[in-house]
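As structure tokens, the structure follows; a few thoughts come after it.
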Amino acid sequence: MLNSSLKQLSALLATKKISSVELTVEFLKRSRALNSDYNAFITLDEETSLAQARAADTIVASGEAQPLTGIPIAQKDIFCTRGWLTTCGSRMLSNFISPYDACVVERFNSAGAVNIGKTNMDEFAMGSSNETSFYGPVKNPWDTSAVPGGSSGGSACAVAARMAPAATGTDTGGSIRQPAALCGISGLKPTYGLVSRYGMIAFASSLDQGGPMAKSAEDLALMLNVMAGFDTRDSTSLQREPEDYTRDLEKPLEGLRIGLPKEYFVKEINDDVALAVEAAIAEYRKLGAKTVEVSLPNTRLSVPVYYVLAPAEASSNLSRFDGVRYGYRAPEYADLNDMYQKSRAQGFGAEVKRRILIGTYVLSHGYYDAYYIQAQKLRRLMALDFTEAFKLCDIIMGPTSPTVAFDLGEKSSDPVQMYLSDAYTIAVNLAGLPAMSIPAGFGKNNRPVGLQIIGNYFAEAQMLKVAHQYQQITDWHIRMPTSAAL
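Residue 186 in the numbering used here sits at position 186 of the sequence shown, with consecutive numbering throughout.
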């Protein structure tokens with residue numbers, strides 16, 4: 001059952017071979033047993049989860065079940081969830097019980113899914129290793145001395161260790177795809193605006209995007225069917241006709257043009273990652289696809305551009321955490337100004353403070369034109385690079401991360417090296433494109449390698465087909481860490 005797809009679990013529920021309560025109990029037992037080893041969850045609430053499971057069983061019995069009715073889904077702790085502790089991995093929100101549901105959570109509730117818990121994450125989604133969380137680092141289930149990636153590391157770990165059948169994540173510069181790659185699961189960052197950001201605690205509003213994380217592309221498609229849709233409460237939400245993202249999964253890949261950016265296959269990529277990615281591309285050729293070389297010349301600027309724009313937006317978004325209305329407040333202070341300073345100094349961790357300072361600096365008078373405006377111009381050039389590349393190909397492929405999972409603490413003292421972990425993912429967010437990572441083998445120390453698939457705007461169904469066809473002839477996506485055996 002642990003390796004069953006969402007479709008298979010749905011069939012078991014529909015035929016009464018298992019109830020949602022039984023399924024939820026099974027995953028809650030695993031989560032409690034394994035969480036001390038992995039630290040994947042911040043909050044588990046058995047009573048609330050089982051209440052949802054009982055309600056789902058009633059829906060199944062009435063014959064009104066939807067594809068995800070009764071299936072446990074873990075929610076990244078960045079999504080506001082009514083009645084649940086919603087911390088964003090920060091001391092600043094360590095006492096915040098959300099009074100409302102994020103749109104994504106509402107959609108899963110409407111679909112009859114069961115919230116199994118809130119997953120650990122880098123503080124305010126700022127990080128590439130899940131080591132900045134106030135609740136401690138998440139550990140990679142393939143090797144507990146390694147990071148799981150970030151910021152959605154808790155969600156990636158929970159799915160990889162089979163603590164949950166699937167989970168939600170958010171991606172600002174690679175925070176779904178990079179942990180998916182490092183933990184050996186599938187993860188999708190949709191086109192910007194496809195999934196509502198309402199109730200998703202903001203880091204960088206022009207880059208943040210919620211998306212699904214699961215074992216397979218088919219599972220991602222079923223989740224995206226629930227998550228995608230227009231929301232009037234989000235001014236960046238896109239109004240489009242609903243799609244069935246499972247519709248093309250079984251279609252062949254004959255004639256598919258795969259673009260291979262020459263900038264992705266350079267000396268910065270580790271040999272073990274390059275070999276696994278090249279082997280995956282060879283499998284696509286066997287499936288009838290052809291490869292063409294493309295160029296994304298401004299990709300090399302994506303990291304510096306991102307680390308001007310994202311901190312600038314973070315500086316603005318995080319100004320609301322002042323110790324007055326909700327969240328952490330310093331226990332002792334002299335006056336209002338002192339309360340602001342101490343609450344923020346004590347409530348935020350080092351990485352969040354670093355980005356707030358950078359963001360405030362680049363937005364300040366005298367530097368706004370020199371940094372922020374120039375970064376926005378370069379962002380536009382990156383989007384144009386992708387536009388030109390997609391004239392020559394249908395899909396772009398390459399590595400998700402230049403390395404397999406690195407050791408815990410290995411890059412903590414060197415922020416620049418940490419930032420370079422996202423060198424292959426950031427440009428996609430800057431352009432607002434959809435992209436995903438799927439398992440493509442193993443590298444050094446038997447740690448997973450991810451293959452990144454980038455599509456044109458609104459090409460999610462095509463990308464999911466491309467991933468699904470590969471997963472029909474490989475088994476990387478159903479392999480399970482031995483450390484997760486109970």
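Note that the Cβ used here is the ideal one computed from N, Cα and C, for glycine as well.
Below 8 Å on the Cβ atoms is my contact criterion, and I expect lysine 215 with isoleucine 185 to pass it. Report the Cβ-Cβ distance as a whole number of Å.
Indeed they touch by this definition, with Cβ atoms about 6 Å apart.
Which complete alpha helix (DSSP H) runs does the segment 423 to 470 hold, if anything under 4 residues is left out?
For the segment 423 to 470, the full-length alpha helix (DSSP H) segments reaching 4 residues or more read 426 to 431 along the chain.
Give a yes or no on whether the C-beta atoms belonging to valine 104 and serine 196 are separated by under 8 Å.
The answer is yes: Cβ separation under 8 Å.
Please classify asparagine 337: does DSSP put it in a helix, a strand, or coil?
If DSSP states are grouped into helix, strand and coil, asparagine 337 belongs with the helices.
Decide yes or no for the touch test of the segment 386 to 401 against the segment 311 to 319: beta carbon pairs closer than 8 Å, at least 3 of them.
No, they do not touch.
Spatial neighbours of tyrosine 245 within its chain, please: CB distance less than 7 Å, with the 5 preceding and 5 following residues excluded, ordered by chain position.
Sequence-distant partners of tyrosine 245 (beyond 5 residues in either direction) whose C-beta falls short of 7 Å from its own C-beta, in its chain, are Ala221, Leu224, Asn225, Glu460, Ala461, Leu464.
Where DSSP assigns a beta bridge to alanine 146, which residues make up the other side?
Looking at the DSSP assignment, alanine 146 forms a beta bridge with Asp407.
Could you tell me whether the segment 78 to 90 touches the segment 114 to 123, where touching means 3 or more Cβ pairs closer than 8 Å?
Because the criterion of three Cβ pairs below 8 Å is met, the segment 78 to 90 and the segment 114 to 123 touch.
Leucine 256, enclosing beta strand (DSSP E) - first and last residue
In this chain, leucine 256 is not harboured by any beta strand (DSSP E), its DSSP state being neither H nor E.
Which one or two residues does DSSP pair with glutamate 293 in a beta bridge?
Residue pairing from DSSP places glutamate 293 in a beta bridge opposite Leu260.
Jot down the residue ranges of each uninterrupted alpha helix (DSSP H) in the segment 80 to 150, minimum 4 residues, whole runs only, in chain order.
List check, alpha helix (DSSP H) in window: 103 to 110.
Local conformation of lysine 391 per DSSP, three classes:
Coil at lysine 391, not helix or strand.
Three Cβ pairs or more, each shorter than 8 Å: is that satisfied between the segment 67 to 75 and the segment 18 to 25?
The segment 18 to 25 and the segment 67 to 75 touch, with three or more beta-carbon pairs separated by less than 8 Å.
Measure the C-alpha to C-alpha separation of alanine 499 and arginine 320 and round it to an integer number of angstroms.
Here the chain has residues from 1 to 486 only, and residue 499 is not among them.
Nearest to arginine 354 by CA position, among Val416, Ala280, Asn35, is which residue?
Among Val416, Ala280, Asn35, the Cα nearest to that of arginine 354 is on Val416.
On a CA-only basis, which of Tyr100, Ser129, Leu384 is nearest asparagine 198? Give me that one, please.
At residue 198 the sequence reads tyrosine, which differs from the asparagine that was named. Closest option to tyrosine 198, Cα to Cα, is Tyr100.
Measure the CB-CB distance between alanine 65 and histidine 468 and report whether it falls below 8 Å.
The answer is no: Cβ separation not under 8 Å.
At which residues does the alpha helix (DSSP H) containing lysine 7 begin and terminate?
Unbroken alpha helix (DSSP H) run through lysine 7: 6 to 14.
Spell out whether any CB of chain C is found under 8 Å from the CB atom of serine 98.
Of the protein chains in this structure there is only one, and it is not chain C.
How far does the beta strand (DSSP E) with leucine 511 in it extend, from its first residue to its last?
Outside the shown range of the chain, which is 1 to 486, sits residue 511, and nothing can be said about it.
Check whether alanine 166 and aspartate 219 have beta carbons under 8 Å apart:
Yes, they are a contact pair.
Please identify the residue among Gly83, Ala276, Gly150 whose C-alpha is closest to the C-alpha of threonine 425.
When Gly83, Ala276, Gly150 are compared, the shortest CA-CA separation from threonine 425 is found for Gly150.
Counting C-beta neighbours from all protein chains within 10 Å, is the total for proline 252 16 or more, i.e. buried, or is it exposed?
Answer is exposed; the Cβ neighbour count stays below 16.
Quick check on the burial criterion: 16 or more other C-beta atoms within 10 angstroms. Buried or exposed for leucine 392?
Using a 10 angstroms sphere on the CB of leucine 392, the tally of other CB atoms stays under 16, which defines it as exposed.
For the segment 198 to 277, list the beta strand (DSSP E) runs that are entirely contained and at least 3 residues long, ordered along the chain.
Segments of the beta strand (DSSP E) lying fully in the segment 198 to 277: 210 to 214, 257 to 261.
Excluding the 5 residues preceding and the 5 following valine 292 in the sequence, name in chain order all residues of the same chain whose CB lies nearer than 8 Å to its CB.
In its chain, beyond the 5 residues on either side, Arg257, Ile258, Gly259, Leu260, Leu392, Cys393 have a beta carbon closer than 8 Å to the beta carbon of valine 292.
Between which two residues does the beta strand (DSSP E) harbouring alanine 167 extend?
166 to 170 is the span of the beta strand (DSSP E), which, as asked, contains alanine 167.
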